[in-house]
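See below:
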């Protein structure tokens, strides 16, 4: 893979991760905390966003080394 493709994938992962983070935390803060589905969806989006942002950070570090 060339550097442009890696950079594009990294930017996409950062965008998706940030969107999930904001949406997940907003669902937890604004949503009805008595509804189990709201809590489950918000927590899933927030935790998956942390994984996406960490993965994109690792890809960026590996790109600099190569």
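In my numbering, the protein residues as written are 1 to 66.
We treat Cβ as the ideally placed atom computed from N, Cα and C, and that holds for glycine.
Since this is a predicted model, take the numbers as computed values, not measurements.
- A direct Cα-Cα distance of roughly 5 Å separates residue 53 from residue 14.
- With distances taken between CA atoms, residue 20 lies nearest to 49 out of 43, 36, 49.
- Assignment of residue 10 by DSSP, reduced to helix, strand and coil, places it in the helix class.
- Judged by DSSP in its simplified three-state form, residue 32 adopts coil rather than helix or strand.
- Around the Cβ of residue 56, a 10 Å sphere holds 16 or more other Cβ atoms; the residue is buried.
- Scanning its chain for C-beta atoms nearer than 7 Å, with the 5 sequence neighbours on each side dropped, one finds around residue 17 the residues 49, 52, 53, 56, in chain order.
- Inclusion of residue 39 and residue 28 in the CB contact set at 8 Å is warranted, their separation being smaller than that value.
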